Amino acid sequence: MARKKTNSKTAAARKKTTTAKKASSSRKGKKAATRKTSTSLGRPRIAGTAELDLEFKGDFAARQIFQFLDVQTFKELEEFSPQEITDRVITPLVQAVERIRKQLAMANRHLSGDQKFARTFQDELARVTGAARR
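Encoded structure:
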């Protein structure tokens, strides 16, 4: 009868690998157990369905922002990040100022300290339309 081939690892080597595996798996478990939990602000003092206008009666600027965002409750407001609110409020103002600058440049006028933009815009407009600058 043929003799079975034995695994090249000895019993001692097998024992070392199993203990190493156990140690690595127990380390993984410890990492999961020590992960940080998110901190809570505690119980809200104002209901999510509360009206923003009632809480911000004296703050006209805040109420204008709520109207611009078309939100009435705290829950609706909490869906926005601070940066998103800032971007949504500022973007129309920046666009309006750009339109004003361009309109003034077309009339050969400029805002204080904005002559360079007016000249650049006039040159660009002349290049696009093919008209000579006056």
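Mapping of the sequence shown onto the numbering used here: position 23 corresponds to residue 18, and the numbering continues sequentially without gaps. Beta carbons: idealized from backbone N, C-alpha and C, even for Gly. Since this is a predicted model, take the numbers as computed values, not measurements.
{"Asked": "With 16 as the cutoff for other CB atoms within 10 Å, does A113 come out buried or exposed?", "Found": "buried"}
{"Asked": "Candidates F51, R96, M101, F116: which alpha carbon is nearest S107's?", "Found": "R96"}
{"Asked": "Could you name the residues of the same chain whose beta carbon sits closer than 8 angstroms to that of D48, not counting the 5 residues immediately before and after it, in chain order?", "Found": "R58, F61, Q67"}
{"Asked": "Between V92 and chain B, is any beta-carbon pair separated by less than 8 angstroms?", "Found": "Considering every chain present, this structure includes no chain B. It has just one protein chain."}
{"Asked": "Does the separation of the CB atoms of L99 and I80 fall below 8 angstroms?", "Found": "no"}
{"Asked": "Leaving out the 5 sequence neighbours to the left and right, which residues in its chain are closer than 7 angstroms to V84 when beta-carbon positions are compared?", "Found": "I60, F63"}
{"Asked": "Could you tell me the boundaries of the alpha helix (DSSP H) in which V123 lies?", "Found": "110 to 124"}
{"Asked": "Would DSSP call E73 helix, strand or coil?", "Found": "coil"}
{"Asked": "DSSP state of I86, grouped into three classes?", "Found": "The sequence shown places Thr at residue 86, rather than the Ile named in the question. In the structure shown, T86 sits in a helix (DSSP, three-state: H, G or I)."}
{"Asked": "Span of the alpha helix (DSSP H) holding R58?", "Found": "55 to 64"}
{"Asked": "Does the distance from the CB of F75 to the CB of A45 come in under 8 angstroms?", "Found": "no"}
{"Asked": "Report the three-state DSSP secondary structure of T68 (helix, strand or coil).", "Found": "strand"}
{"Asked": "Strictly by DSSP, which residues pair up with E46?", "Found": "T68"}
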